[in-house]
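In my numbering, the protein residues as written are 722 to 754.
Each remark here refers to the structure printed beneath this line.
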């Protein structure tokens, strides 16, 4: 199975922007790090 790097990058970028614009950004950040 080949993972499309550009698609993966696009997905992570999208979820990142969603997380930043969401009110529970701090919670998401703590959960990620």
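Here a beta-carbon is modelled for each residue, glycine too, at the ideal position from N, C-alpha and C.
These figures come from a predicted structure and were not determined experimentally.
Helix, strand or coil at residue 747 [DSSP, three-state]: Along the chain shown, read from residue 1 onward, the residue named residue 747 stands at position 26. Helix at residue 747.
Taking DSSP as the reference, what is the three-state secondary structure of residue 825? Here the chain has residues from 722 to 754 only, and residue 825 is not among them.
Residues near residue 729 by beta carbon distance below 7 Å, same chain, minus five either side: Stepping through the chain shown from its first residue, residue 729 is reached at position 8. Nothing listed; no residue qualifies.
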